[in-house]
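Quick notes on the structure that follows.
In the numbering used here, the protein residues as written are 2 to 68.
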């Protein structure tokens, strides 16, 4: 995600995600930047969440495994 790369590189980055609704298959596009600001194109209103990870208690070999 751009917020991880942005912090590692100390620069502002953004990513554009093209996906579809799991319920109705309607296409949607979501843009997320390094500050976790986002925009959803075409009036879609998706539910988005970012899991919180307690890094002090993380025992998994990778942050991906924690998700």
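We put the CB at the ideal spot given by N, CA and C, even for glycine.
- Residue environment for residue 33: buried (at least 16 other C-beta atoms within 10 angstroms of its C-beta).
- Counted as a single uninterrupted DSSP element, the alpha helix (DSSP H) harbouring residue 66 occupies residues 64-67.
- Judged by DSSP secondary structure, residue 19 falls within the beta strand (DSSP E) whose first and last residues are 15-21.
- In the structure shown, residue 32 falls within a strand segment according to DSSP collapsed to helix, strand and coil.
- Check the Cα spacing between residue 31 and each of 43, 23, 24 and 25: the tightest is with 43.
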